[in-house]
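Note sheet for the following structure.
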Amino acid sequence: MSSKKIDGKAIGQEIRNELKEEVASLVAQGVQPGLAVILVGENSASETYVKNKEKSSKEAGMKSILTKLPDTVSEEDLLAEVEKLNQDDTIDGILVQLPLPKHIDENKVIRAISPEKDVDGFHPMNVGKMLIGQETFLPCTPYGIMQLLERSNVDIAGKHAVIIGRSNIVGKPMGQLLLQKDATVTYCHSRTEDLKKFTQQADILIVAIGIAKFITGDYIKEDAVVIDVGMNRDENGKLCGDVDYESAEKQASAITPVPGGVGPMTITMLLKNTVESAENKLK
Ligand code: GUN
Numbered sequence: 006m007s008s009k010k011i012d013g014k015a016i017g018q019e020i021r022n023e024l025k026e027e028v029a030s031l032v033a034q035g036v037q038p039g040l041a042v043i044l045v046g047e048n049s050a051s052e053t054y055v056k057n058k059e060k061s062s063k064e065a066g067m068k069s070i071l072t073k074l075p076d077t078v079s080e081e082d083l084l085a086e087v088e089k090l091n092q093d094d095t096i097d098g099i100l101v102q103l104p105l106p107k108h109i110d111e112n113k114v115i116r117a118i119s120p121e122k123d124v125d126g127f128h129p130m131n132v133g134k135m136l137i138g139q140e141t142f143l144p145c146t147p148y149g150i151m152q153l154l155e156r157s158n159v160d161i162a163g164k165h166a167v168i169i170g171r172s173n174i175v176g177k178p179m180g181q182l183l184l185q186k187d188a189t190v191t192y193c194h195s196r197t198e199d200l201k202k203f204t205q206q207a208d209i210l211i212v213a214i215g216i217a218k219f220i221t222g223d224y225i226k227e228d229a230v231v232i233d234v235g236m237n238r239d240e241n242g243k244l245c246g247d248v249d250y251e252s253a254e255k256q257a258s259a260i261t262p263v264p265g266g267v268g269p270m271t272i273t274m275l276l277k278n279t280v281e282s283a284e285n286k287l288k
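In my numbering, the protein residues as written are 6 to 288.
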């Protein structure tokens, strides 16, 4: 059967249009949402990502500031920078781009961010709130995937969702969000034996492995919904996902492309969390 492409570019734009209106309404009330990004060291992937964040937040009418620190920065100085932003009333969201250099304790930096400004949803307090279903900032990639599923009218309740990947940023929170919407959730990872046995049972398959075109059509149940979180370069240097789109789309009822699927959603949800944080100030 032919499949339906889930268009993250269009859905992301739709949400950013909604946000633009919310931002305008906040500005009219004297509050301009502000996002601060801290980038440590030189990493071209991170720089591209950070540039896109700045561009999107400005387009939405938000304030955006970028602090670049050398990769020799001490943990103490980085923590001081975070604290300065915690105290800054014009800043509603703080994001420290990961990964950080080896000499800096990432967990310590994440814990230093005020939970009220933790728009990444990485602070242990916010992770805990998410786990028990309390309102909080949700991690941007899983949050964006939930929006893709919901806005594409994918049924979640009672469905078997299989997640490949167990990172703190994507896999783990993804499973929890799907569980909260009453999916039956299976986590697979690098030590899973007979991966195909699980993926072939998935009504919803979320793929975050980090290996180009690893999941081919034979891993996919007919009419499954396939979400590809991967961002790789193929043998010709072209951007591609963890799913082999060509063979997968023959099996799937709906599938996200790379690029133009999950990617545009991550930044969008970061902006949404920042706007929400600014709205919380008025409550
Ligand atoms: N590095 C890769 N993805 C992310 C993200 O979502 N947030 C942060 N802070 N760093 C990242």
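All C-beta atoms in this analysis are idealised placements derived from N, C-alpha and C, irrespective of residue type, glycine included.
Through-space distance from residue j to residue i, alpha-carbon basis
i    : j    : result
G222 : L183 : 23 Å
P147 : V175 : 6 Å
K14  : A33  : 29 Å
M6   : D93  : Confidence at M6 is low in this model, with a pLDDT of 43, below 50, so its placement is unreliable and no value can be given for it.
L44  : T197 : 34 Å
V248 : V263 : 9 Å
L100 : Y54  : 12 Å
E254 : P75  : 44 Å
L103 : L143 : 17 Å
S252 : C245 : 14 Å
K201 : I161 : 21 Å
G17  : K56  : 17 Å
I225 : Y192 : 16 Å
S61  : A229 : 32 Å
D125 : V42  : 11 Å
D220 : I209 : It should be noted that the sequence gives Ile, not Asp, for residue 220. Going from the Cα of I220 to the Cα of I209 covers about 14 Å.
G265 : M236 : 11 Å
K134 : F127 : 11 Å
A188 : E155 : 13 Å
E281 : G138 : 17 Å
K89  : K63  : 22 Å
S195 : F203 : 13 Å
L275 : K25  : 14 Å
V159 : D12  : 13 Å
S30  : T95  : 16 Å
G46  : I118 : 19 Å
V267 : K164 : 21 Å
T279 : T141 : 12 Å
L71  : V231 : 35 Å
V114 : N241 : 38 Å
N91  : L83  : 12 Å
K277 : Q206 : 33 Å
G170 : S51  : 21 Å
A65  : K243 : 29 Å
K288 : D123 : 18 Å
S258 : N112 : 39 Å
C343 : P178 : Since the first residue of the chain shown is 6 and the last is 288, residue 343 is not available in this structure.
Anticipated Cβ contact below 8 Å, residue i with residue j, distance rounded
i    : j    : result
L150 : M67  : First, the residue type needs correcting, since residue 150 is Ile and not Leu in the sequence shown. With 8 Å as the limit, I150 and M67 do not qualify as a contact, their Cβ atoms being about 23 Å apart.
Q185 : I20  : Not really, about 20 Å apart at Cβ, beyond 8 Å.
A217 : D239 : 5 Å
D110 : E81  : Not confirmed; about 11 Å, so no contact.
V190 : A166 : 5 Å
K10  : I272 : With 8 Å as the limit, K10 and I272 do not qualify as a contact, their Cβ atoms being about 20 Å apart.
E121 : N285 : 7 Å
R116 : P129 : 7 Å
A283 : V87  : Contact doesn't hold; Cβ gap of about 19 Å is too wide.
G39  : D97  : 5 Å
S172 : A213 : 7 Å
E59  : S49  : That belief does not hold up - the Cβ atoms of E59 and S49 are roughly 16 Å apart, past 8 Å.
What beta strand (DSSP E) runs, 3 residues minimum, are completely inside the region 196 to 224?
-> For the region 196 to 224, whole beta strand (DSSP E) runs of length 3 or above, ordered along the chain, are 209 to 212.
What are the start and end residues of each continuous alpha helix (DSSP H) run of 4 or more residues lying completely inside the region 105 to 180, in chain order?
-> Counting only runs of 4 or more, we get 111 to 117, 129 to 136 and 145 to 156.
Let me know the alpha helix (DSSP H) ranges lying completely inside the region 24 to 80, each 4 residues or longer, listed in chain order.
-> Taking only runs of at least 4 residues, the alpha helix (DSSP H) segments lying wholly in the region 24 to 80 are 49 to 64.
Report the residue ranges of all beta strand (DSSP E) runs contained in full by the region 230 to 256; include only those spanning at least 3 residues, in chain order.
-> Counting only runs of 3 or more, we get 230 to 233.
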